[in-house]
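Report on the following structure.
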Amino acid sequence: MLVVYHSQSGTCARLARAAAQGAADTEGVVVEVRRACDASTETVADAAGLLLVAAENSGTLSGEAKAFLDRIFYPAIDRALVLPYALMMSAGNDGRGAVRQAERIFSGIPFTSACEPMIARGEFTDEHKAQAAELGAGFAAGLEMGIF
Numbered sequence: 001m002l003v004v005y006h007s008q009s010g011t012c013a014r015l016a017r018a019a020a021q022g023a024a025d026t027e028g029v030v031v032e033v034r035r036a037c038d039a040s041t042e043t044v045a046d047a048a049g050l051l052l053v054a055a056e057n058s059g060t061l062s063g064e065a066k067a068f069l070d071r072i073f074y075p076a077i078d079r080a081l082v083l084p085y086a087l088m089m090s091a092g093n094d095g096r097g098a099v100r101q102a103e104r105i106f107s108g109i110p111f112t113s114a115c116e117p118m119i120a121r122g123e124f125t126d127e128h129k130a131q132a133a134e135l136g137a138g139f140a141a142g143l144e145m146g147i148f
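Residues in the sequence shown are numbered from 1 upward in steps of one, following UniProt numbering.
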């Protein structure tokens, strides 16, 4: 399972770490965490599933997360990659615009959504950390069981 994140304030990095820790507790699942600028089509192709952790900036997907998706878009199509994905968004507003934007890009590759996106609104809290760990664990368990 690959966790890719972009973080300017540190919130997405915390969410990514919490999700990865939740996923790591699932037997048989290997979790790799990469910053968006360090992730490539090859790292995505080697994964059983992708968890993208990104921020909303001005109602849209943060720049580096968008750049990551732009970078892998056509190479993933050329390789006929079809992966399950999960999405976690840190939002100062409502996050829905950024989620829609990411979902449109994923559907064009085509990657398939494994679960409802998580939107962590406002400042990072213990509740956000717990939700991220739960999403990571659930996504990893679904990958391990072959549900996605």
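Virtual Cβ for every residue (Gly too), placed ideally from N, Cα, C.
Item: Please report the straight-line C-alpha distance between Arg35 and Ala13, rounded to a whole angstrom.; Value: 9 Å
Item: What does DSSP give as the partner residue(s) for Ser90 in the beta ladder?; Value: Ala55, Ala120
Item: Can you check whether the CB of Gly108 is closer than 9 Å to the CB of Val3?; Value: no
Item: Comparing alpha-carbon positions, which option in Gly49, Ala65, Pro110 lies nearest Ala76?; Value: Pro110
Item: Can you pull the DSSP bridge partners for Arg34?; Value: Val4
Item: Pull up the distance between the alpha-carbon of Ala133 and that of Arg79, whole angstroms please.; Value: 31 Å
Item: The alpha helix (DSSP H) that contains Ile77, what's its start and end?; Value: 63 to 78
Item: CA-CA distance, Tyr5 and Ala16?; Value: 6 Å
Item: Under 9 Å, do Ala140 and Val44 count as touching if we go by C-beta distance?; Value: no
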